[in-house]
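Number of protein chains: 2
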Amino acid sequence: IKKTWVEMKDFSRKAVEMGRLDPRKVIFAIKMGLALSLTSLLIFWKGSHEDIAQYSIWAILTVIVMFEFSIGATFIKGFNRGLGTICAGILAFCFAELSVVAGKFEEVVIVISIFIIGFCASYLKLYPTMKPYEYGFRVFVLTYCILMIAGNRTREYTEAILTRLVLIAAGAGVCLVVNICFFPIWAGESLHKLVVKNFKDLATSLEGCVNGYLKCVEYKRIPSKILTYQAADDPLYNCYRSVIQSTSQEDTLLGFATWEPPHGRYRYNYPWENFVKVSGAVKHCAFMVMALHGCILSEIQAPPERRKVFSSELQKVGAEGAKVLHELGNKLEKMEKLSAGDILKNVHDAAAELQKKIDHKSYLLVNSESWEIGGRPKEFEDLIDVEDENMTLGSKSLSEAVLDLRSVPVDTTSLPQQCDDDARNMFIKWPSNVSANARSFPKGDDLKTYESASALSLATFASHLIEFVARLGNVVDSFEELSMKANFKDPPIMNMSPEPCKKGTATWVV
Amino acid sequence: IKKTWVEMKDFSRKAVEMGRLDPRKVIFAIKMGLALSLTSLLIFWKGSHEDIAQYSIWAILTVIVMFEFSIGATFIKGFNRGLGTICAGILAFCFAELSVVAGKFEEVVIVISIFIIGFCASYLKLYPTMKPYEYGFRVFVLTYCILMIAGNRTREYTEAILTRLVLIAAGAGVCLVVNICFFPIWAGESLHKLVVKNFKDLATSLEGCVNGYLKCVEYKRIPSKILTYQAADDPLYNCYRSVIQSTSQEDTLLGFATWEPPHGRYRYNYPWENFVKVSGAVKHCAFMVMALHGCILSEIQAPPERRKVFSSELQKVGAEGAKVLHELGNKLEKMEKLSAGDILKNVHDAAAELQKKIDHKSYLLVNSESWEIGGRPKEFEDLIDVEDENMTLGSKSLSEAVLDLRSVPVDTTSLPQQCDDDARNMFIKWPSNVSANARSFPKGDDLKTYESASALSLATFASHLIEFVARLGNVVDSFEELSMKANFKDPPIMNMSPEPCKKGTATWVV
Numbered sequence: 151i152k153k154t155w156v157e158m159k160d161f162s163r164k165a166v167e168m169g170r171l172d173p174r175k176v177i178f179a180i181k182m183g184l185a186l187s188l189t190s191l192l193i194f195w196k197g198s199h200e201d202i203a204q205y206s207i208w209a210i211l212t213v214i215v216m217f218e219f220s221i222g223a224t225f226i227k228g229f230n231r232g233l234g235t236i237c238a239g240i241l242a243f244c245f246a247e248l249s250v251v252a253g254k255f256e257e258v259v260i261v262i263s264i265f266i267i268g269f270c271a272s273y274l275k276l277y278p279t280m281k282p283y284e285y286g287f288r289v290f291v292l293t294y295c296i297l298m299i300a301g302n303r304t305r306e307y308t309e310a311i312l313t314r315l316v317l318i319a320a321g322a323g324v325c326l327v328v329n330i331c332f333f334p335i336w337a338g339e340s341l342h343k344l345v346v347k348n349f350k351d352l353a354t355s356l357e358g359c360v361n362g363y364l365k366c367v368e369y370k371r372i373p374s375k376i377l378t379y380q381a382a383d384d385p386l387y388n389c390y391r392s393v394i395q396s397t398s399q400e401d402t403l404l405g406f407a408t409w410e411p412p413h414g415r416y417r418y419n420y421p422w423e424n425f426v427k428v429s430g431a432v433k434h435c436a437f438m439v440m441a442l443h444g445c446i447l448s449e450i451q452a453p454p455e456r457r458k459v460f461s462s463e464l465q466k467v468g469a470e471g472a473k474v475l476h477e478l479g480n481k482l483e484k485m486e487k488l489s490a491g492d493i494l495k496n497v498h499d500a501a502a503e504l505q506k507k508i509d510h511k512s513y514l515l516v517n518s519e520s521w522e523i524g525g526r527p528k529e530f531e532d533l534i535d536v537e538d539e540n541m542t543l544g545s546k547s548l549s550e551a552v553l554d555l556r557s558v559p560v561d562t563t564s565l566p567q568q569c570d571d572d573a574r575n576m577f578i579k580w581p582s583n584v585s586a587n588a589r590s591f592p593k594g595d596d597l598k599t600y601e602s603a604s605a606l607s608l609a610t611f612a613s614h615l616i617e618f619v620a621r622l623g624n625v626v627d628s629f630e631e632l633s634m635k636a637n638f639k640d641p642p643i644m645n646m647s648p649e650p651c652k653k654g655t656a657t658w659v660v
Numbered sequence: 151i152k153k154t155w156v157e158m159k160d161f162s163r164k165a166v167e168m169g170r171l172d173p174r175k176v177i178f179a180i181k182m183g184l185a186l187s188l189t190s191l192l193i194f195w196k197g198s199h200e201d202i203a204q205y206s207i208w209a210i211l212t213v214i215v216m217f218e219f220s221i222g223a224t225f226i227k228g229f230n231r232g233l234g235t236i237c238a239g240i241l242a243f244c245f246a247e248l249s250v251v252a253g254k255f256e257e258v259v260i261v262i263s264i265f266i267i268g269f270c271a272s273y274l275k276l277y278p279t280m281k282p283y284e285y286g287f288r289v290f291v292l293t294y295c296i297l298m299i300a301g302n303r304t305r306e307y308t309e310a311i312l313t314r315l316v317l318i319a320a321g322a323g324v325c326l327v328v329n330i331c332f333f334p335i336w337a338g339e340s341l342h343k344l345v346v347k348n349f350k351d352l353a354t355s356l357e358g359c360v361n362g363y364l365k366c367v368e369y370k371r372i373p374s375k376i377l378t379y380q381a382a383d384d385p386l387y388n389c390y391r392s393v394i395q396s397t398s399q400e401d402t403l404l405g406f407a408t409w410e411p412p413h414g415r416y417r418y419n420y421p422w423e424n425f426v427k428v429s430g431a432v433k434h435c436a437f438m439v440m441a442l443h444g445c446i447l448s449e450i451q452a453p454p455e456r457r458k459v460f461s462s463e464l465q466k467v468g469a470e471g472a473k474v475l476h477e478l479g480n481k482l483e484k485m486e487k488l489s490a491g492d493i494l495k496n497v498h499d500a501a502a503e504l505q506k507k508i509d510h511k512s513y514l515l516v517n518s519e520s521w522e523i524g525g526r527p528k529e530f531e532d533l534i535d536v537e538d539e540n541m542t543l544g545s546k547s548l549s550e551a552v553l554d555l556r557s558v559p560v561d562t563t564s565l566p567q568q569c570d571d572d573a574r575n576m577f578i579k580w581p582s583n584v585s586a587n588a589r590s591f592p593k594g595d596d597l598k599t600y601e602s603a604s605a606l607s608l609a610t611f612a613s614h615l616i617e618f619v620a621r622l623g624n625v626v627d628s629f630e631e632l633s634m635k636a637n638f639k640d641p642p643i644m645n646m647s648p649e650p651c652k653k654g655t656a657t658w659v660v
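Chains A and B are the protein sequences, given in the same order.
Numbering-wise, our numbering comes out as the position in the first sequence, counting from 1, plus 150.
Numbering-wise, our numbering comes out as the position in the second sequence, counting from 1, plus 150.
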C-alpha cells in the first residue's frame, strides 16, 4: 500500500509539473469543464420541457466529442458532426416513409436499411481521401440508426429529428463559444512554434555533431535504441530525431490550421502548407546531420590526428551552418523577411575553404602504401612523414589547423595507443571474415585496409558537411517562398549589428 | 453536371478498385453492417420493455465506437468503454446521494460536480502515458454527465445505471462476436506483414540506388518534393521513405497487437515489440540507403569513368546486401530461424573486396594536382594517365572492373562532355561565391576543387555502402533475438540449394 501511495504522489507531482510547463493544458481542462457545466445548466433551465430532458444526451455527447484541444480540430469535428447528422436525418426521413409503406415488414425494412447504410459508410470511410471525415461517417451511422429505431417506437420521426438537431446545435454552440472566447488555443500557432523548434533543434544537433566529431567522442557501446531507431537519452540524437519524427504531427496540425479563421498575426488564407514545406526542407538537412552522427557512430573512425588537420575548417562550417539555422529560426519566429545580402555567404565561404583544404591535403585522406600502381614514391612518402612529424610535435607545420596534438607515433599505426582497445572492439565488428575468426588484433594487409577506410571516413564526414551546406540553400529557398506568400514584415533597418547567435536560445530548445 | 457525373464514376471505380486490392476492407464493412443489424434486431426483439427501447442509443453507440478495423483495437476500445462506464457509474452513484442530501441546491451540486469531473478527466487525459486511454476518459465524462442529468429527472439512479450497463454489455458482446468469429482481422498479422514489407522495400531501394549510381542516373531537376521530404512519384525514394515513415503505424499496430489473444501462428505473450525492434534496425539501414540516394541527388557527382572502375565491387555489395535483406524478409514471413552458417558471409566478403579495391586505387579518389606538398611527382602522374587511357580505350587495364567506357578525354576535365550542361547547372548551385556571381563555367582553381570534390563523392558512396553492410549485422542480431523469443521454427534441412533471390518478390512489394 505504501508503494502505491508513493507512486500516486509521484504521479500527481508529475501531473502538476505538466501543467506548469504547458499552461495551455490546464486552460484546456478548465474550458472543457466550463463547457460541460454550461450545457448542463442549459438543460436544467429548459428541463421543464420533457423532450429536451429526455434527449439531453445529444447535447452532452456533442460537447464531449467536439471539444478538442485546438480550435481547428473543434471546427473539423463540428463540421463532421453537423454534416453527418443532417445527411442521416434526410436519409432517415426517406427510409422512414418507405418502412411505413411496407406495413407488416416495417422492421425488416429498417434492419436491412441499417445494414446497407452501415456497410456503405464503413467502406467509404476507409477510402484514403476520406480520412479527415472519418468521424463524420460515425456520426452519420449513429444518427441514422437511432432515428430509425427510436422513430419506429414513437412514430414521431419529424419531431425526433428536429429536437435532436436543436440539442446538437446548442451543444455545438456552447463548444465554439467557450473554445474561442476563453484563451483560444490555435493549431496554427502550434505549427508555427513546432517549425521554429525544428530549426533550433537541428542547429543544436549540428553543432553537437561537429564538436563531438572533433573531440573524437566515441560511444563505448552504442545504445541499442539508436541502432533500432527508438527514442533514446542521447540529446544530440534526440534533437534530430524529433525533427525527423515531427512529420505526422505537422500533418495533423496543418489539417487543423487550414480550418481556423484568421487570428492574431495570421491573416485569412494563410499559406500553412508552406510552413510544412519549410519544415520538410529542414528535415532534408536533418538527414545529413543524421549522416554526420552516423560517422560518429560508425565502427570505422578516422584517426584523431587527421581530424585535427581539418579541425578549424570543419568547426567553422558547423558553426556557420548552425548560425544560419538559428537566424532563420529567429526570423521565422518573428515572421520577418530575410535581410538584404546573402545569408548563406559566410557558410558558403567556410564550405569552400573546407573544400580547398581537402583538395590540398587529400593525400591525408587516402593510404598510398598499397597503391597497385607501385606505392607512393620515396620522396613523396618523406613529405608525408615530415608533415606527420610536424603534426606530432605540434610545431609550425604546413597546416594552419594544428592545434594540440598528442605525441603519438602516427606512421606505425594511425590508431592512437589509448584507444587501442576500442579500436580492437571496432575491428571485431568490422565486416571481414578474417578479423571475425581471430579475436587478435589484425595485422598486415587487413590493418592497412582498415587504415585506409579509417582515413576515408574523414572524407565522408567532410563531404556530408558540404552536402549539408548545399541543402541549406534549399531551406533558404523555401523560407523565401513562405515569407513572400505569408507576407512577412520587412526586417528592421540594418545599421544595428547583425543579430549575434545567442547561446541562450540554443539551450532553450533542448 | 456532366463533370460531376464523370467524377462520381471515377470515384466509384476507385472505390471498387480499393476493395479488390484489399478485400479486408470489404469484409470489415460487411461486418460493421452485420453488427449494427444484429443490435437493432436485438432491440426490436426485446423492445416490448419500455426502458430498453428508450435507452437503445447506448447499445448502438457502443457498437459504433467499439467496432474497429482490427481485433486488438476493438479490445482496447471495449476495455476503455467498460472501465470508463463503471468508474462513472460508481462516482455518479456517490454524487447522486450527495446531491439528494443537498436538497434545494441539488442542481448546483450537480453542475459543480460536472465541472470538477470534466476538468480532472480532461487534464489527466493529456498526461503522456494516458494516451491509449483517451477514449476511456471521454466515455467516463459522457456517462457521468448523462447519469447525473437523467437521474436528476427520473430519480431512478440505480435503475438507469443498470439498464445502461446491460445495453452497453449487449452492444459490446455483439461487437466482439461479430468481429472475432467472421474473418477476423488481426493487428498482429498486419504488423508482421508491414515489417516484412519493410525488408523488401529496402532491398528494392538498395538495388535501385546502386544500379542508378553505376548507370549515372542524374536528376535533371530534383523534384522539390524530395527536397522537402514529401511523398513523391520516385519509386526508389518512395520505397525507403515508406520504410522510414512506418514508425507511427508500427507503434499503433504494436499497441493493438499486444491486446490480441493468441491466434494462428502467434502464441500467447508473443514478443511483438521485437518485431518493432527489427523494423527499427531496418530503418537504421534505411538511413544509409537514404544517404546513398543522397549521393545520386547531390550536386557534386563523381565522373562516370571512375565509377566504372569500382563498378563490379559496388554492384556486388549492393546485390549481396539486397539478397540478405530478401532472405531475412522471407525468413520472417515464413517465421523461420536463420540457417546455420553466416548469412552475412557473402556480403562481408564483397564489402571487404570493395574496401581492398578502394585501398589499392585510392589515388583515383583524390586529386593530387593541387597537393600543397608539391603536387604529384611526374612518374606518378604518368601512371595515372596510363590508367586513365587504358580506361578510356576500354582495353585491358589494371582494373578488373572496366566494362564499357565511353571514349572521353578524361584528364582535361573529369566531367564528360554530354552532361556538360547538367554539370554547369550543378555548379551554379555549388556553394562557392566565386561560381555564384559568374554564371559562366568555372575555370582554373575552382574547377580543380570541384574535380576533387567530385572524386571524393565516389569515396563517400563507397563508405556508405560499407557502413550499410556494417549496419546489416545489427539487423541480423535483432532478427536472431526475435527468432529466439518468438520461437520461430527451424529452417528446413539445407541440402536443397539455398533459396535463390527471386525477382518476383521484389516486384510484389513495389
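Ideal placement from N, C-alpha and C gives every residue a C-beta, glycine not left out.
Here the structure is a predicted model, which means the values were calculated and not measured.
- [ ] Could you name the residues of the same chain whose beta carbon sits closer than 6 Å to that of residue 633 (chain B), not counting the 5 residues immediately before and after it, in chain order?
- [x] Translated into positions along the second sequence, residue 633 (chain B) becomes position 483. Closer than 6 Å at the Cβ level, and outside the excluded window around residue 633 (chain B), lie 487.
Task: Through-space distance from residue 308 (chain A) to residue 168 (chain B), alpha-carbon basis - done: Taking the first residue of the second sequence as 1, we reach residue 168 (chain B) at position 18. Taking the first residue of the first sequence as 1, we reach residue 308 (chain A) at position 158. Taking the straight line from one Cα to the other gives about 37 Å.
Open item on the list: Contact criterion: CB-CB distance below 7 Å. Does residue 378 (chain A) meet it with respect to chain B?
Closed with: Residue 378 (chain A) sits at position 228 when you count from the first residue of the first sequence. Residue 378 (chain A) counts as touching chain B.
Task: Local conformation of residue 588 (chain B) per DSSP, three classes - done: By one-based count along the second sequence, residue 588 (chain B) stands at place 438. Residue confidence is low: residue 588 (chain B) scores 34 on pLDDT, short of 50, so the model does not pin down where it sits. Its coordinate-derived value is still stated next. In this structure, residue 588 (chain B) counts as coil in the three-state DSSP scheme.
TODO: Assuming residue 348 (chain A) and residue 396 (chain A) form a contact by the criterion Cβ under 8 Å, report the distance between their Cβ atoms to the nearest whole angstrom.
DONE: Indexing the first sequence from 1 puts residue 348 (chain A) at position 198. Indexing the first sequence from 1 puts residue 396 (chain A) at position 246. 6 Å between Cβ atoms; contact.
Task: the stretch 426-442 of chain B / the stretch 236-243 of chain B touching (three or more Cβ pairs under 8 Å) - done: no
TODO: Closer than 9 Å, Cβ to Cβ, to anything on chain B: give me those residues from the stretch 209-228 of chain A, in chain order.
DONE: 210, 211, 213, 214, 215, 217 and 219
Task: Environment of residue 214 (chain B) [buried if 16+ CB atoms lie within 10 Å] - done: Position 64 of the second sequence, counted from the start, is the residue given in the question as residue 214 (chain B). Per the 10 Å Cβ criterion, buried.
Open item on the list: Measuring only the C-alpha atoms, how far is residue 170 (chain B) from residue 176 (chain B)?
Closed with: Residue mapping note: residue 170 (chain B) aligns to position 20 of the second sequence, counting from 1. Residue mapping note: residue 176 (chain B) aligns to position 26 of the second sequence, counting from 1. When rounded, the distance between both Cα atoms is 8 Å.
Task: Element boundaries [alpha helix (DSSP H), containing residue 163 (chain A)] - done: The count along the first sequence starts at 1 and reaches residue 163 (chain A) at position 13. 152-171 is the extent of the alpha helix (DSSP H) around residue 163 (chain A).
Task: Where residue 375 (chain A) sits in the DSSP three-state scheme - done: Taking the first sequence and counting its residues from 1, one reaches residue 375 (chain A) at position 225. If DSSP states are grouped into helix, strand and coil, residue 375 (chain A) belongs with the helices.
Task: Spatial distance of residue 316 (chain A) from residue 209 (chain A) (CA atoms) - done: Taking the first residue of the first sequence as position 1, residue 316 (chain A) is located at position 166. Taking the first residue of the first sequence as position 1, residue 209 (chain A) is located at position 59. Computed Cα separation, rounded: 9 Å.
Task: C-beta contact flag for residue 422 (chain A) and residue 222 (chain A) at 7 Å - done: Residue mapping note: residue 422 (chain A) aligns to position 272 of the first sequence, counting from 1. Residue mapping note: residue 222 (chain A) aligns to position 72 of the first sequence, counting from 1. In this structure, residue 222 (chain A) does not lie closer than 7 Å to residue 422 (chain A) by Cβ.
Task: Validate contact between the stretch 373-392 of chain B and the stretch 501-511 of chain B using beta carbons, cut 8 Å, 3 pairs - done: no
Open item on the list: Please report the straight-line C-alpha distance between residue 248 (chain A) and residue 391 (chain A), rounded to a whole angstrom.
Closed with: Position 98 of the first sequence, counted from the first residue, corresponds to residue 248 (chain A). Position 241 of the first sequence, counted from the first residue, corresponds to residue 391 (chain A). Distance between the alpha carbons of residue 248 (chain A) and residue 391 (chain A) is about 58 Å.
- [ ] Taking 8 Å as the threshold, find out whether the stretch 461-480 of chain A comes into contact with the stretch 616-625 of chain A through three or more Cβ pairs.
- [x] yes
Task: Cutoff 7 Å: residue 166 (chain B) Cβ touching any chain A Cβ - done: For this step, residue 166 (chain B) is matched to residue 16 along the second sequence. So, not an interface residue.
TODO: Please report the residue range of the alpha helix (DSSP H) in which residue 216 (chain A) lies.
DONE: In the first sequence, residue 216 (chain A) corresponds to position 66, counting from 1. Its alpha helix (DSSP H) spans residues 206-216.
- [ ] Answer yes or no: does any C-beta atom of chain B fall closer than 7 Å to that of residue 276 (chain A)?
- [x] The count along the first sequence starts at 1 and reaches residue 276 (chain A) at position 126. Judged by the 7 Å Cβ criterion, residue 276 (chain A) is in contact with chain B.
Task: Members of the stretch 396-430 of chain B that neighbour chain A once the beta carbon cut-off is set at 9 Å - done: 397, 398, 426, 427, 428, 429 and 430
- [ ] Kindly list the residues whose CB is nearer than 8 Å to the CB of residue 640 (chain A), restricted to its own chain and excluding five residues on each side of it in sequence; keep chain order.
- [x] Residue 640 (chain A) sits at position 490 when you count from the first residue of the first sequence. Closer than 8 Å at the Cβ level, and outside the excluded window around residue 640 (chain A), lie 486 and 487.
Task: Any C-beta of chain A under 7 Å from that of residue 610 (chain B) - done: Along the second sequence, one-based indexing puts residue 610 (chain B) at 460. Yes, its Cβ sits closer than 7 Å to a Cβ of chain A.
- [ ] Please classify residue 553 (chain A): is it buried, with 16 or more other beta-carbons within 10 angstroms of its beta-carbon, or exposed?
- [x] Here the question's residue 553 (chain A) lines up with position 403 in the first sequence. Annotation note: pLDDT 28 at residue 553 (chain A) (below 50); position unreliable, no value reported.
- [ ] Could you have a look at residue 486 (chain B) and say whether DSSP puts it in helix, strand or coil?
- [x] As a first step, residue 486 (chain B) must be located in the second sequence, where it is residue number 336. Looking at residue 486 (chain B) - three-state DSSP - the assignment turns out to be strand.
- [ ] Can you give me the Cβ contacts of residue 393 (chain A) inside the same chain, cut-off strictly under 7 Å, excluding the 5 residues immediately before and after it?
- [x] The count along the first sequence starts at 1 and reaches residue 393 (chain A) at position 243. Once the five neighbours on either side are set aside, the close Cβ partners of residue 393 (chain A) are 348, 351, 352, 432, 433 and 436.
TODO: Please report the Cβ distance between residue 364 (chain B) and residue 451 (chain B), rounded to the nearest whole angstrom; I am assuming they are in contact, meaning their Cβ atoms lie under 8 Å.
DONE: Position 214 of the second sequence, counting from 1, holds the residue named residue 364 (chain B). Position 301 of the second sequence, counting from 1, holds the residue named residue 451 (chain B). Actually they are not in contact, since the Cβ atoms of residue 364 (chain B) and residue 451 (chain B) sit about 13 Å apart, beyond 8 Å.
Open item on the list: Cβ closer than 7 Å: which chain A residues qualify as neighbours of residue 292 (chain B)?
Closed with: Taking the second sequence and counting its residues from 1, one reaches residue 292 (chain B) at position 142. Result: 210, 211 and 214.
- [ ] Keeping to the same chain, check which residues put their C-beta closer than 7 Å to that of residue 610 (chain A); ignore five residues upstream and five downstream.
- [x] What you label residue 610 (chain A) is simply residue 460 of the first sequence in a count that begins at 1. These residues qualify, in order along the chain: 445.
Task: residue 454 (chain A) burial status per 10 Å Cβ neighbour count (16 or more: buried) - done: Position 304 of the first sequence, counting from 1, holds the residue named residue 454 (chain A). Under this definition residue 454 (chain A) is a buried residue.
Open item on the list: Quick check: the Cα distance between residue 162 (chain B) and residue 270 (chain A), rounded to an integer number of angstroms?
Closed with: Reading the second sequence from its first residue, position 12 is the one you call residue 162 (chain B). Reading the first sequence from its first residue, position 120 is the one you call residue 270 (chain A). Using only the alpha carbons, I get a separation of about 12 Å.
Open item on the list: Could you tell me the alpha carbon to alpha carbon distance between residue 417 (chain B) and residue 300 (chain B), rounded to whole angstroms?
Closed with: For the purposes of this step, residue 417 (chain B) is taken as the residue at position 267 of the second sequence. For the purposes of this step, residue 300 (chain B) is taken as the residue at position 150 of the second sequence. Straight-line Cα distance between these residues: approximately 46 Å.
Open item on the list: What does the Cβ neighbour count give for residue 189 (chain A), buried or exposed, with the cut at 16 atoms within 10 Å?
Closed with: In the first sequence, residue 189 (chain A) corresponds to position 39, counting from 1. So residue 189 (chain A) ends up on the buried side.
Open item on the list: Do residue 268 (chain B) and residue 291 (chain B) have their beta-carbon atoms positioned less than 7 Å apart in this structure?
Closed with: Locating residue 291 (chain B) in the second sequence gives position 141, counting from the first residue. Locating residue 268 (chain B) in the second sequence gives position 118, counting from the first residue. For residue 291 (chain B) and residue 268 (chain B), yes; Cβs fall inside 7 Å.
Task: CB contact below 7 Å: residue 624 (chain A) versus chain B - done: Position 474 of the first sequence holds residue 624 (chain A). Cβ-Cβ to chain B under 7 Å: yes for residue 624 (chain A).
TODO: Answer with yes or no whether the minimum CB distance from residue 457 (chain A) to chain B is below 7 Å.
DONE: For the purposes of this step, residue 457 (chain A) is taken as the residue at position 307 of the first sequence. Output row for residue 457 (chain A): interface = no.
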